[in-house]
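Chemist: One structure, pasted below without further comment.
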């Protein structure tokens, strides 16, 4: 429901390779007429106040390490808005996406209010997906084939998994006769395979350098 809360802080956990360069934080109150009418202004009608921003480090992009940020708010508010800047460049992020793995708000509710607005999604799109497609494949079905096929095609495992996802999207686009999308996804697959082969080659060089105790070269290839 809608209402006003005392927000102490927000914790944001970013993706390990789709790392935003920074996130700006804005908050909005309930509006001037809330005390009399027991209502809250709609999201579109609110006036947001900018509190500041946090930077995310590019770190070792492509590793499994994730950066956690704690953003202090200490405000009474009804809405919170994030302005997420573009990602740090990475060969692991060929689509230039940003990813938020987890987001938690810490505080306490102060009062419930009515809002004359419909539910909406400010970003992304609405898609219909069958329940079966929402279940991830079992480890037994997924892992052996993925690693074997990835090595046979000389593509790194992470990129190969992404190729598999895009391939399934292309198949669904063809099945629904969305040929423009299928054509775009085909081009993406070509780019992904080129990137995957390059990463695979660099990883092999890095392992060879470590085996030969050429740690300076291994460090260079890691970056």
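Residue numbers (the working numbering): 1179 to 1401. Positions of the beta carbon are idealized from the N, C-alpha and C atoms, including for glycine.
1) Work out the CA separation of residue 1269 and residue 1377 for me, nearest whole Å.
2) Using the three-state DSSP reduction, which class does residue 1275 fall into: helix, strand or coil?
3) Between the C-alpha atoms of residue 1230 and residue 1391, what's the straight-line distance to the nearest angstrom?
4) Just checking my contact of residue 1200 with residue 1234 at CB under 8 Å: how many whole Å lie between their CB atoms?
5) Identify, in the order they occur along the chain, each residue of the same chain with its Cβ nearer than 8 Å to the Cβ of residue 1299, setting aside the five sequence neighbours on each side.
6) Give the C-beta separation of residue 1279 and residue 1192 to the nearest angstrom, bearing in mind that I take them to be a contact with Cβ-Cβ under 8 Å.
7) Name the two residues that bound the continuous beta strand (DSSP E) containing residue 1181.
8) Three-state secondary structure (DSSP) at residue 1291?
9) Specify, as a first and last residue, the run of the alpha helix (DSSP H) that residue 1226 falls within.
Modeler: Per the coordinate set shown:
1) 8 Å
2) When secondary structure is reduced to three states using DSSP, residue 1275 falls in the coil class, being assigned neither helix nor strand.
3) So the two alpha carbons sit approximately 46 Å from each other.
4) 6 Å
5) Unreliable positioning characterises residue 1299 in this predicted model, as indicated by a pLDDT of 47, which lies under 50. The coordinate reading is nonetheless provided below. Within the same chain, residue 1299 has no close Cβ partners at all.
6) 7 Å
7) 1181-1192
8) coil
9) Premise fails: residue 1226 is in no alpha helix (DSSP H) and is neither H nor E.
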